[in-house]
Structures are given as structure tokens and as C-alpha cells.
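Counting from 1, one number per residue, gives the positions in the sequence shown under the working numbering. Yeah, the Cβ is synthetic: ideal placement off N, Cα and C, and Gly gets one too. Below is one structure, written out as C-alpha cells; comments come after it.
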Amino acid sequence: MKIAEMNERIVIQKSRMDTDTIGNHTLKWFDYYYCWACVDHVSGKEFWEAAQHNAQDSLFFTIRQFSPVRDLDTTHYRVKFHGEIYNITFIDHSQYKNKMLRLMAERK
């Protein structure tokens with residue numbers, strides 16, 4: 001992956017449980033990490049494998065791996081891109097070389 005291809009700004013958001021004044025628990029999202037990413041549409045074999053999940057609304061976000069994103073998971077994190085929210089469905093650690101992460105995400 002060439003760094004020049006990472007030309008889209010994304011926000012990784014993290015969830016946290018908040019409690020209101022009467023004790024109700026609500027899930028809140030906050031901006032956790034801003035980074036540059038290479039954004040690709042799901043295509044080819046990946047498109048057909050993900051067809052039951054509306055693959056036309058699925059994207060791959062390739063980002064550099066840093067300490068803040070090392071512990072990403074599909075439950076507590078999501079991606080905000082061009083004002084749209086994408087739920088992370090799969091995290092590929094790119095051959096475990098600790099350089100890149102590839103996030104498959106579906107538009108909410």
C-alpha cells in the first residue's frame with residue numbers, strides 16, 4: 001500500500017455507556033481517532049460473498065496501524081466517512097505485519 005493512496009479522511013468512533021440523571025443507561029458514540037485511509041468498494045468475490053448484506057453499501061477502509069487502533073473490534077467501534085456511519089463487520093490485520101488494518105464496513 002502506498003501512502004499516497006490514503007487520501008480520504010475518516011473518523012473512528014468508539015461507544016461508551018452513559019447514565020442519565022434517573023439511572024437509565026444509553027449508548028453514546030464519540031470521536032476516538034482521526035486518520036487517513038484508502039477507501040475501496042467491495043467487488044468481485046467479496047461482493048458475491050457479502051451479497052446478502054447489501055454489498056453495494058459496503059466499503060473497505062485501509063488504515064495504518066498505530067497504538068490507538070490496535071484494539072479495534074466490531075462491537076465498540078465504527079467509522080464515519082463523508083457524513084455517513086459505517087458499522088465495522090470485519091477487521092483484517094493484513095498478514096499480521098503490524099503495518100496496515102483493513103476494515104470492512106457496512107453503511108448503517
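With the cut-off set at 9 angstroms, would you say residue i and residue j are in Cβ contact?
| i | j | result |
| --- | --- | --- |
| Thr62 | Val39 | yes |
Cα separation between residue i and residue j?
| i | j | result |
| --- | --- | --- |
| Ser58 | Thr21 | 38 angstroms |
| Phe76 | Leu103 | The sequence shown places His at residue 76, not Phe. Approximately 14 angstroms, taken between the alpha carbons. |
| Arg70 | Trp36 | 16 angstroms |
| Glu8 | Phe60 | 12 angstroms |
| Ile91 | Ile3 | 20 angstroms |
| Arg64 | Asn24 | 37 angstroms |
Can you check which of these residues, the options, is closest to residue i by C-alpha distance?
| i | options | result |
| --- | --- | --- |
| Ile12 | Ile85, Lys99, Met100 and His93 | Ile85 |
| Glu5 | Met100, Glu106 and Ala105 | Met100 |
| Tyr33 | Arg16, Ile10, Asn24 and Thr26 | Ile10 |
With DSSP as the reference, please indicate the residues paired to residue i in a beta bridge.
| i | result |
| --- | --- |
| Lys80 | Val11 and Ile85 |
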